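The opening position of the sequence shown corresponds to residue 813 in our numbering, with each subsequent residue numbered one higher.
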Amino acid sequence: MDAELWLGLFGAVLAVVGLYYAWRAQGQAAVAESRAAFVKERDDLRQRFGALSETAADMHVLARPSLERIGGTSLLWEPAMHPPAPVPLSAVTVEWQDTPAPVSPHVMRAARRHLPKETKAKRYERYSAAMGALARPTLFENRPSFRLTRADWSRPGIPDCPSARPSTSI
């Protein structure tokens, strides 16, 4: 083969290698930008947690007027969960149901689109995975949380709360 053909092939290979490294650098910049935005948003959420909790509680009460605030907090409950009189804790019985909270696949897909990029082609699968890798708080454990779904106050002085469900996902 003559020199022009070899130079042409060498130029084509060099161009492909250059495009690959440019594509890769662009991907790394997009991943770094996505991660930095996540950390910045987490800091903003942490700083405004109280105000956001109040706003969320107000929105829930507007959407479901049957909900009531507990004291002056942003915690909410249904009036049916309120005991008619103070109850000693030793009189409370609880039945645990180890069933996960309902999750909508549509909501999960929509939420996943807003998670930061782990690589150029892949986003973090879960919010907790992104937090653990990018904005790990001082205390970061997968602890159970509980959700009271029903309280029966029909027997005076002996409450029964048969539907508290533990949830272990973050």
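In this text, a Cβ means the ideal position worked out from N, Cα and C, and glycines have one as well. Keep in mind that this is a model prediction, so the values were computed, not measured.
- The residue from R938, T905, P917 with its alpha-carbon nearest to that of D964 is T905.
- K932 and G839 do touch by the CB rule: their CB atoms are close to 3 Å apart, below 8 Å.
- A direct Cα-Cα distance of roughly 14 Å separates W818 from A827.
- In this structure the stretch 922-930 lies against the stretch 842-853, because at least three pairs of beta carbons, one per stretch, are closer than 8 Å.
- Nearest Cα to E907 within the set D870, H918, S966, R959: R959.
- Ranking A875, W889, L874 by CA distance to the CA of R881 puts W889 first.
- Judged by their CB atoms, R860 and L946 are not nearer to each other than the 8 Å cut-off.
- In the DSSP annotation of this structure, the continuous segment of the alpha helix (DSSP H) that includes P917 starts and ends at 917-924.
- If you look at F952, you'll find it isn't in any alpha helix (DSSP H); DSSP assigns it neither H nor E.
- With a beta-carbon spacing of about 7 Å, A868 and S886 fall inside the 8 Å limit used to define contacts.
- Comparing alpha carbon positions, the residue from L831, L821, R854, E816 closest to Y939 is R854.
- The residues F952, in chain order, have a CB closer than 8 Å to that of G944 in the same chain once the five nearest residues on each side in sequence are set aside.
- Around the CB of F850, 16 or more other CB atoms lie within 10 Å, so the residue is classed as buried.
- When the five nearest sequence neighbours on each side are left out, the beta carbons in the same chain lying within less than 6 Å of the beta carbon of V873 are those of L879, in order along the chain.
- Take the alpha-carbon of A922 and the one of Y936: they are about 13 Å apart.
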